[in-house]
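For reference, the structure discussed in these notes is given below.
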Amino acid sequence: MTEKKQDQPNSSAQIERTDFQEKQKYLKQRANTVVTRRQVPNEKDILRRKKLIKWTKWVLPALALLLLGSIAAWPEIDRFINTNKAVVSELSRIKVESGTMVGATFHGVDSSDRPYTITSSKVIQNSNNSNMIRLAYPKADILLQNNDWIMVTANNGIYMQHEQDLNLYKNVVLYRDDGLFMYSDIADVALKQSVITANDWIHAEGPFGQLDAQAYFLDMHTNIAQFKGPGRLILNDDKNSSPPSQPSKTSE
């Protein structure tokens, strides 16, 4: 018996796609497409390109060095900018035209080299007398011996720089760190001699009790206070909770 050989497809025959229905249209479009060739650069274009490449070799490294230098110097630049902002902020608080300064601070020392500080929300310098300075809401912090301190505040004040005298008036409050409060309408503070005087009625409160007097003299060096009468003194009784009913008077 002879076996019948199956018909094998001719490998040399071209296989065409049957799912591509628009072959003729595609070939027609391709035939009509105009192919543009690249133009050959002339001598001027070549020279211009060489110059561009030459400049690029220098410019790019220079830009890289500049960028690295700016990164390294940025902390100093930032500090300089912040410093200038602080200076501008301080200068903006000063009104040169009117001789007015907002948020002023004065420092000094007394005859025993103990420091004091005067702060004020607003300062007006007298145009006729540069030594006299008017203060709005002044506050004086004075250091005493044994690291004790006194703070004096008022609504208004006048500071004489050369004499180191501070004249306070309207709602004067003296506070000492041992709990003593003294209220008066006026007070004169001799910062150099560390002396505070008030020639007007005063009211004092503290651990000792209460005191009303016509005037007072306070020597901060010796810690001695003198009061002028007539006055009234109510002492706290350590043994009894209630103070004595009968007040005592003080004289000069």
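Reminder that position 69 of the sequence shown reads as 125 in the working numbering, one-by-one numbering, no gaps. C-beta: ideal position from N, C-alpha, C; glycine also. On a predicted model such as this, the values are computed, not experimentally measured, just so you know.
- Per DSSP, Met276 is not a residue of any beta strand (DSSP E), being assigned neither H nor E.
- A residue is called buried once 16 or more other Cβ atoms fall within 10 Å of its Cβ, and Ser177, having fewer, is exposed.
- Secondary structure note for Arg232: its beta strand (DSSP E) is the uninterrupted segment 221-232.
- Residue burial is scored here from C-beta neighbours: Ile206 has at least 16 other C-beta atoms within 10 angstroms and is therefore classed as buried.
- Less than 7 Å separates the beta-carbon of Tyr215 from that of Leu222.
- Here Asp293 is exposed: its Cβ has fewer than 16 other Cβ atoms, across all protein chains shown, within 10 Å.
- Between the C-alpha atoms of Leu103 and Pro117 there is a straight-line separation of about 22 Å.
- With respect to the 7 Å criterion, Ile242 and Leu274 are not classified as neighbours on the basis of their beta carbons.
- For Leu247, there is no enclosing beta strand (DSSP E), as DSSP marks it with neither H nor E.
- The C-beta separation of Gly159 from Tyr172 comes to about 18 Å, leaving the pair out of contact by the 8 Å criterion.
- Pro131 sits in a helix when the DSSP states are folded into three classes.
- For Asp166, the closest C-alpha among the options Gln217, Leu291, Gly265 is that of Gln217.
- With contacts defined by Cβ atoms closer than 7 Å, Leu224 and Ala210 form a contacting pair.
- One Cα belongs to Thr156, the other to Ile180, and the distance between them is close to 5 Å.
- In the three-state DSSP reduction, Gly164 falls in the strand class (E or B).
- Membership of Asp268 in the beta strand (DSSP E) is indicated by the continuous run 265-269.
- One thing to note: Lys248 has its Cβ within 7 Å of the Cβ of Gln220.
- In chain order, Gly262, Pro263 place their CB closer than 7 Å to the CB of Gly235, counting only its own chain and leaving out the 5 sequence neighbours on each side.
- At least 7 Å separates the beta-carbon of Ser240 from that of Met276.
- Residue environment for Ala269: buried (at least 16 other C-beta atoms within 10 angstroms of its C-beta).
- Rounded to whole angstroms, the separation of the alpha carbons of Met188 and Asp197 is 20 Å.
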